[in-house]
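Undergrad: Okay, here's the structure, questions in a sec.
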Amino acid sequence: MFNEGDGKNLAFKKPTWQTWEKASSRFAVDGRRDEDPAGGNQCAESIGSKENTWLVDLEDIQSISRIVIYHRTGGVSFGCPIGVYGANCDIPCPRNCTYCNYITGKCLGDCSLGYSGHSCENYVRKNLALHRPTTELYPFSSKNPSGKLVDGMKSNLAYAGGQCTATLENKEIAMWRVDLERISQVERIVVYARTDNKKWDANNGFRARFLGFTVAVSNKTDHTDGTICYHDKHHTIYTLPAVMDITCVAVGRYVIFYNERINGLKYPKGYSPHAFVDLCEVEVYG
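Using numbering that gives the first Met the number 0, you'd call the opening residue of the sequence shown number 0 and step up by one each time.
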């Protein structure tokens, strides 16, 4: 059993009880799940009867986000590893679904936050950023202000299309933020980069500008005084997607996009020499 915050297993080594006990109920929360007899008994077991009950006492009232049950298999291979299904266990579970039926691929109730349906295909959360107040440092032009990123329009990813914003050149810091106007529960943030409607590959110069960005949720306008939802440290101009879909469970009023190219600091190969906000839309769901 896991909570939403740090993902800690709330049941680990907590008091347990079961009816018709044959092998201790505590084996189900000892953190071991290898059925190799050499490792000793690691499974709780009861005597067969019409009804059986097993329970764990979490010793406090808890907020539970996920429950994972490992069945006793007798050491015989069964089903597929987590995340895949099919006769050869080579088909990924639906997107936003962690656990699916090993035969049909139907999601077994562990969709990502906000998603539902047999294939986790339904998303019903509200875009909290839509038409909210925004601001940015060093805007390039008043014709395409910072509010373009929360107008709900993203069909044209070119600056000339009037749906994107940009900042001035030769700056060490780039910042854009949206004010949700009240402290809100955030679950997901989607960032659409400016592409100028050109192929999004290593030759697209906006990819180099996008690298290294940070997205934060904060109760203040300072991105360092809040929750860092994402900081790009691993992508290159060959791997960075044009749309970043970020899962972030956080509480705050401001969602901040930040990037920097501080003079004198060394940045990875492929990074632009200066910092920019070249974006077309930012969606905040919660």
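Where a beta carbon is used, it is the ideal one built from N, C-alpha and C, also for glycine.
Report the rounded CA-to-CA distance for Ser24 versus Tyr69, giving the unit in angstroms.
TA: 13 Å
Undergrad: Going straight from the alpha carbon of Ala192 to that of Glu135, what length do you get?
TA: 15 Å
Undergrad: Counting Cβ pairs, one atom from each stretch, are 3 or more of them under 8 Å apart for the region 151-171 and the region 276-283?
TA: yes
Undergrad: Do Ala128 and Asn258 have their C-beta atoms within less than 8 Å of each other?
TA: no
Undergrad: For Gln41 and Phe11, what's the separation of their Cα atoms in angstroms?
TA: One C-alpha to the other measures close to 14 Å.
Undergrad: Just checking my contact of Ser299 with Trp16 at CB under 8 Å: how many whole Å lie between their CB atoms?
TA: Any answer about residue 299 is impossible in this case: the structure gives the chain only from 0 up to 285.
Undergrad: Count the other CB atoms within 10 Å of the CB of Ala37; is the residue buried (16 or more) or exposed (fewer)?
TA: The pLDDT assigned to Ala37 is 47, lower than 50, so where the model puts this residue is not dependable; a value taken from the coordinates is nonetheless given after this. Ala37 counts as exposed, since fewer than 16 other beta carbons sit within 10 angstroms of its beta carbon.
Undergrad: Determine, using beta carbons only, whether Val190 and Val214 come nearer to each other than 8 Å.
TA: yes
Undergrad: First and last residue of the beta strand (DSSP E) that includes Ala249?
TA: Val242 to Glu259
Undergrad: Look at the alpha carbon of Ile261 and the alpha carbon of Ile63, and state the distance between them as a whole number of angstroms.
TA: 42 Å
Undergrad: For the putative contact between Tyr270 and Gly211, defined by C-beta atoms under 8 Å, what is the C-beta separation to the nearest angstrom?
TA: 6 Å
Undergrad: Buried or exposed, going by whether 16 or more other CB atoms sit within 10 Å of the CB of Arg32?
TA: exposed
Undergrad: Taking the continuous alpha helix (DSSP H) assigned at Ala207, which residues delimit it?
TA: It spans Gly204 to Phe209 - the alpha helix (DSSP H) in which Ala207 sits, taken as one unbroken run.
Undergrad: Smallest Cα separation from Arg65: which of Val250, Leu9 and His234?
TA: When each option's Cα is compared against that of Arg65, the closest is Leu9.
Undergrad: Buried or exposed: which applies to Pro93, given that a residue is buried once 16 or more other Cβ atoms fall within 10 Å of its Cβ?
TA: buried
Undergrad: Report the rounded CA-to-CA distance for Lys142 versus Arg131, giving the unit in angstroms.
TA: Near 18 Å, if we compare the C-alpha coordinates of Arg131 and Lys142.
Undergrad: Among the candidates Cys247, Leu179, Asp231 and Ala201, whose CA atom is the shortest distance from the CA of Lys219?
TA: Leu179
Undergrad: Our contact map puts Val149 next to Val123 with C-beta atoms below 8 Å; I'd like the distance itself, whole angstroms only.
TA: Val149 to Val123, Cβ: 20 Å. No contact.
Undergrad: In this structure, what does DSSP give as the bridge partners for Asp178?
TA: Tyr253
Undergrad: Mind checking who Gly73 pairs with in its DSSP beta bridge?
TA: Note: Gly73 sits in no beta bridge, so no partner.
Undergrad: For Ala37, name the three-state secondary structure that DSSP assigns.
TA: Reliability of the predicted coordinates at Ala37 is poor, the pLDDT of 47 falling under 50, and the value obtained from them is presented with this limitation in mind. In the structure shown, Ala37 sits in a helix (DSSP, three-state: H, G or I).
Undergrad: In whole angstroms, what separates the C-alpha of Thr133 from that of Gly151?
TA: 14 Å
Undergrad: Decide if Ser140 is buried, meaning its Cβ has at least 16 other Cβ atoms within 10 Å, or exposed.
TA: exposed
Undergrad: Using DSSP bridges, identify the partner residues of Pro14.
TA: In DSSP, Pro14 forms no bridge with anything.
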